[in-house]
Structures are given as structure tokens and as C-alpha cells.
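A.B. asks: Heads up: the sequence shown is residues -22 to -1, 1 to 477, going by mature numbering (1 follows the signal peptide of the UniProt record, and there is no 0).
C-beta atoms are modelled at their ideal positions from N, C-alpha and C, and glycine is treated no differently.
Take a look at the following structure, please.
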Amino acid sequence: MSARRGRLAAAALCLSIGGGCASSQPPSPTAAPIDKPGGAGSLGADARLGAAFDARFAAADGAALWAVRLERLDSSAVLASRNEDRLVLPASNMKIVTLAAAATRLGWDYRFRTLVHASGSREGHVLHGDLVVVGGADPTIGRGEDPLATFRAWAQRLRAQGLRRVDGDLVGDPSRFGEEWLGDSWSWEDLPAGYAAPYSGLIFNENVVRLRIAPGTGEGAPLAVTATPVAYGLHVNPRGTTARTGQPATVSVTRDLGSSVIDISGALPAGAAPVDRVVSVSDPARYFLGAFRAALAEAGIEVRGNTRVASRPDLASATPLIVHESAPLSEVAQRFMKVSQNLYGEVLLRVLSASTARDASPAEARSVLQESMARMGVPAGSVQGLDGSGLSRRDFVTARAITTLLQVMARPPHRDAFRAALPVAGADGTIASRFKESPCAGRLFAKTGTLSHARALSGYITSASGNEFVFSVIANNFLAPNREIDAVVEGALALVCAS
């Protein structure tokens, strides 16, 4: 057993025994001193809890770089800390930073707005000109059981206005908030995956297509592929075949960077269960327009021209036909945080630039992000956010910065909406399957974070005795499986939940 794995095993053993473990190593030089409110020779309850909490990470010190901070919610008193001012990779804990900035800058009532205009003259049921959609970066269009529901509603509204034919083009403008589609410093190998869907001012079905791949009718038969929704503007190339029963599954789904072709290769054995894959789209605006055009045709509205994308078309003499607004940020935030939806983070980062009179762009949004951190009391130099989701490996935060933001978000007017957006231990979101048998079940509300060699969990605890705590635990630079890192973290947090 390696030294690192041995330390993790020792830390996990402490949890199984149920008592505190003394570290076999000297105290971390970055561990904060703990006041002893009980006087000389005795430890107060908070100090005892903080010492036991820190001991879990001391036992696993060397297995990972731990950045840790545990505070009282009511007083901000620090019970334990370890490397709290060390810049670490936050993974999806970056979403805490993004949402805090969006909530304070935009407000929880902020809604994304999409506009549909008629550009040209109208004669009876015919529009002699273009039908133009101006995107507002609404990430919720196409969500739900019927991805076309919003577009079908728009088509019916246009029919009610008497529209039956468009002689011009169906035009989409995705340029609001900038035209940089990908997050800064994202890894190329991530880009075809659904979790790395590109940003656009026009978003449909979260800019992904879901593929279900099943064996064919018999050995040698082509694989059966179903795309949900229909892969508008994409070409699915199913080159895979059905193998003999009992053979291994070797299905591979790829999309080259910038390509609209999704290649499916390899094999599935006859009788095997279907394989599901989520793939990002290469051109979100055309995906959006393809779906909208299908809904128009379904409603009996003919578009005779082409489908095209244009940045900032001249709409000075255009007639507004539809104004579509999303649910408020307070509702959108729940999907963003509970399932860790990366695209929503990229949207919110860019929309932040709309809160200033300066140019809308990712660079401007990052400037606004830093201004927001300063306003919320985050120490200078403790947050670097190059994207809004945490997928970038050039994002950095400190544990102190995260708990500072959590303290701000725990106060009105943010408390209810922010906490409602967080996953609940053992109940929902990305920690639905964690803490099931722990005293933290139903008591811990926290955001996860996962990248290779990075794991994070930060949020709030309401303990068994009713005390409230704020915590941030971020592990970097480890080679052990995530489950071993999680065992250390969950053991330490269980002490707090049970207190």
C-alpha cells in the first residue's frame, strides 16, 4: 500500500471507530489556532469539534492537498482551517462564485429574454421579409419532456397573429453577450461531451443531443440509433454493428471539433441493454433555428427562404411579434447548482457583462466577477475565474473565499433562493446518493466539484443540536480514487452534523 493510500485508509478507520483520531504526523503548519473558551486546561465545545474535524484531514495529510475551512454561520467564528489561503482548483465549486456574483449583480428575479421580430412588410397572411429571432442566452428553452414545447407555443402565437408564410429567411442572432462559444482553457478532449456544451445567445435543449444506441436485429446488423430531440443541423453517422451475444461492448461516440457529424463506431452484442450518450452540438444557433423551423412547419407556417445566422441584423424598422421570458434566476439556479449544469455557468458569466455599460464580452464579465468579489468582501487575489462553470483548469479559489461568499449568501435577500439551489445530502442533486446513512442526511446543503485530481464540497450544515455551520473542503493533487477522498470528507462532516 502506498503512503498516500495508507493515510487515507487510516483516516477512514477513524470514522469506523467513531472517535477522534490523533494524527501520526505533526500538526499542519497552516492549521489555524483554536481559541479555548473553556479556559486554561479545557476545551469548549466548538474548539473540541474543530480539533476533531481537523484531525480527520491531519490523518490524511500527504494523500492530497487539503484546503479546508469550518465556521459558525451566526458569528463567522473559525473552528478549523487548513491551507485556507492556498489557491486551489475548485472544479464545480466555481459555480458558487458565479451564482453569488449573478445574484448580487442581476438579482434573483432576473429573467432571460428572447425576441421574435418580423423584418419586412406584411400582406395578409404573408411576411415579405425575414423572421428574426434575437437570442437572450436563455438556457431553459427546450428543457422538459417536450423539447419543442416553447417553439410550438411560439408557432401558435404567430398563427393567431395571422402568419402563414414567410417569403424571406428564418434568421437567428446569437451575438448578445459576445460570441466566444467555449469556456477559457477548456480541454479539447472534453468538447464533444454534453457537459462541455458551447455557449450561444441561442440555446436549445442545453445545446446537446441525447443518443440511445441499441443492438440491431441480429449479428452483423447495424446498430439502432435514436436521437432525442431530432438532431437538427447535425448528421448522425451510425457505423457500428451488432456483435455475437456475450461479446464485449465497444461502442464509441465521437464528434470532431467544429464538425456537425457525430460518428458512432464499435459494436454492441445482441441482446445487450441500450447505451446512452449525451453529445454537445457544434453550432448551437443552427440547432435552435432547425428546431424552431420544424415547429413552424408543424403549425402550417411555411418559410420559403433559408435558415441563417446573423450578428446584430438591422431591426430598426422590424415589428416585434413575440417576447419570451424565462423563469426567474431563483428557479434557473436550481438546475445550475443541483445537477451542476456547466452551460448555465457560462451563460451567467457572460450575462454579468450586461450589468455594466461597458462592452458585453467574457473578458468584461470576468472583470465584473472580480468587482463583485471585492464588494462581497472576498480577499483580493483569492479568486481567479476564467469560466463560469469550473471546467477550466485555470480557475483558482481559496477555501476562505468560498466561505466568505457562503456567509454573504446566507443573509437576506439571498438566503432562501441560494440554499434552495444547493443539493441536499442523501436527497437530491449531485449528493443524492451520498450521506445516506450519515447524520448529515437532510442536514447538509452543499455544492460538489469534480475534475481529475480535484474534488470539492462546500456549503452549510444544520447540526443535530440546531447549530449552523459554513464549510469548504477542497482536495487537489491526489491519485487515490474519489471514493477514498470522499470517505475522509464525509467522516469529518459527519462529526459536525452530529454535534
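Under 8 angstroms: do the region 312 to 325 and the region 138 to 148 share three or more Cβ pairs, one atom per stretch?
C.D. replies: In short, these stretches do not touch, since the Cβ pair count stays below three.
A.B. asks: Measure the Cβ-Cβ separation of ALA277 and GLN139 and say whether it is below 8 angstroms.
C.D. replies: Along the sequence shown, one-based indexing puts residue 277 at 299. Along the sequence shown, one-based indexing puts residue 139 at 161. In this structure, GLN139 does not lie closer than 8 angstroms to ALA277 by Cβ.
A.B. asks: In the DSSP assignment, what residue or residues form a beta bridge with GLN362?
C.D. replies: The sequence position of residue 362 within the sequence shown is 384, counting from 1. According to DSSP, GLN362 bridges with PHE374.
A.B. asks: For LEU384, which residues from the same chain have a beta carbon less than 6 angstroms from its beta carbon, with the 5 sequence-adjacent residues on both sides left out?
C.D. replies: Taking the first residue of the sequence shown as position 1, residue 384 is located at position 406. Here the set comprises VAL448.
A.B. asks: Relative to the C-alpha of GLY114, which residue among SER153, GLY218 and GLY420 is closest?
C.D. replies: Locating residue 114 in the sequence shown gives position 136, counting from the first residue. Out of SER153, GLY218 and GLY420, SER153 has the C-alpha closest to the C-alpha of GLY114.
A.B. asks: Taking 8 angstroms as the threshold, find out whether the region 239 to 256 comes into contact with the region 197 to 217 through three or more Cβ pairs.
C.D. replies: yes
A.B. asks: Buried or exposed for GLY437, please, with buried defined as at least 16 other CB atoms from any protein chain shown within 10 angstroms of its CB.
C.D. replies: Position 459 of the sequence shown holds residue 437. The residue in question, GLY437, is buried, as its Cβ has 16 or more Cβ neighbours within 10 Å.
A.B. asks: How many angstroms separate the CA atom of GLY427 from the CA atom of ALA453?
C.D. replies: In the sequence shown, residue 427 corresponds to position 449, counting from 1. In the sequence shown, residue 453 corresponds to position 475, counting from 1. Their Cα atoms are separated by approximately 10 angstroms.
A.B. asks: Going by DSSP, which residues form a beta bridge with PHE449?
C.D. replies: Stepping through the sequence shown from its first residue, residue 449 is reached at position 471. Paired residue(s): LEU48 and GLY437.
A.B. asks: From CYS475, ASN215 and GLY469, pick the residue whose C-alpha is nearest to that of ALA36; which is it?
C.D. replies: The sequence position of residue 36 within the sequence shown is 58, counting from 1. It is GLY469.
A.B. asks: Using the beta-carbon count (16 or more within 10 Å), is SER430 buried or exposed?
C.D. replies: Residue numbering aside, residue 430 sits at position 452 when the sequence shown is read from its first letter. For SER430, the number of other beta carbons within 10 angstroms of its own is below 16, and it is reported as exposed.
A.B. asks: In this structure, does DSSP put ILE119 in helix, strand or coil?
C.D. replies: Taking the sequence shown and counting its residues from 1, one reaches residue 119 at position 141. DSSP places ILE119 in coil when its eight states are reduced to three.
A.B. asks: Out of ASN215, SER370, GLN362 and LYS425, point me to the one whose CA is closest to GLU167's CA.
C.D. replies: By one-based count along the sequence shown, residue 167 stands at place 189. The option with the nearest alpha carbon to GLU167 is SER370.
A.B. asks: Could you compute how far the alpha carbon of ALA395 sits from the alpha carbon of TYR88?
C.D. replies: Numbered from 1 along the sequence shown, position 417 holds the residue referred to as residue 395. Numbered from 1 along the sequence shown, position 110 holds the residue referred to as residue 88. Approximately 13 angstroms between the Cα atoms of the pair.
A.B. asks: Since GLY98 sits in a beta bridge, which residues does DSSP pair it with?
C.D. replies: Translated into positions along the sequence shown, residue 98 becomes position 120. Partner(s): GLY107.
A.B. asks: At the level of alpha carbons, what is the spacing between SER59 and VAL346?
C.D. replies: Walking along the sequence shown from the start, residue 59 turns up at place 81. Walking along the sequence shown from the start, residue 346 turns up at place 368. Answer to the nearest angstrom: the Cα atoms are 29 angstroms apart.
A.B. asks: Got a sec? Which residues, its chain only, sit under 6 angstroms from MET387 by beta carbon, not counting five neighbours each side?
C.D. replies: The sequence position of residue 387 within the sequence shown is 409, counting from 1. So the list reads ALA78 and PHE396, once near-sequence residues are dropped.
A.B. asks: If distances are taken between C-alpha atoms only, which option among VAL75, ALA29 and LEU48 comes closest to GLY363?
C.D. replies: As a working mapping, residue 363 is identified with position 385 in the sequence shown. With distances taken between Cα atoms, GLY363 lies closest to VAL75.
A.B. asks: Can you tell me whether GLY359 is buried or exposed? The criterion is at least 16 other CB atoms within 10 Å of its CB, across all chains shown.
C.D. replies: One-based indexing of the sequence shown puts residue 359 at position 381. Looking at its Cβ environment, which holds fewer than 16 other Cβ atoms inside 10 Å, GLY359 is exposed.
A.B. asks: Per DSSP, THR204 forms a beta bridge with which residues?
C.D. replies: In the sequence shown, residue 204 corresponds to position 226, counting from 1. Answer is ARG190, bridged to THR204.
A.B. asks: Quick test of your reading: GLY120 and ALA269, contact by CB under 8 angstroms. State the CB separation rounded to the nearest angstrom.
C.D. replies: The residue labelled residue 120 in the question sits at position 142 within the sequence shown. The residue labelled residue 269 in the question sits at position 291 within the sequence shown. Contact check for GLY120 and ALA269: beta-carbon distance about 7 angstroms, within the 8 angstroms limit, so the pair qualifies.
A.B. asks: Just how far apart, CA to CA, sit SER331 and LEU169?
C.D. replies: For the purposes of this step, residue 331 is identified with residue 353 of the sequence shown, where counting begins at 1. For the purposes of this step, residue 169 is identified with residue 191 of the sequence shown, where counting begins at 1. Straight-line Cα distance between these residues: approximately 24 angstroms.
A.B. asks: Return the chain-ordered list of same chain residues with a C-beta closer than 6 angstroms to the C-beta of ARG264, the five sequence neighbours on each side being excluded.
C.D. replies: What you label residue 264 is simply residue 286 of the sequence shown in a count that begins at 1. Counting only Cβ-Cβ distances below 6 angstroms, and skipping sequence neighbours, we find GLY211.
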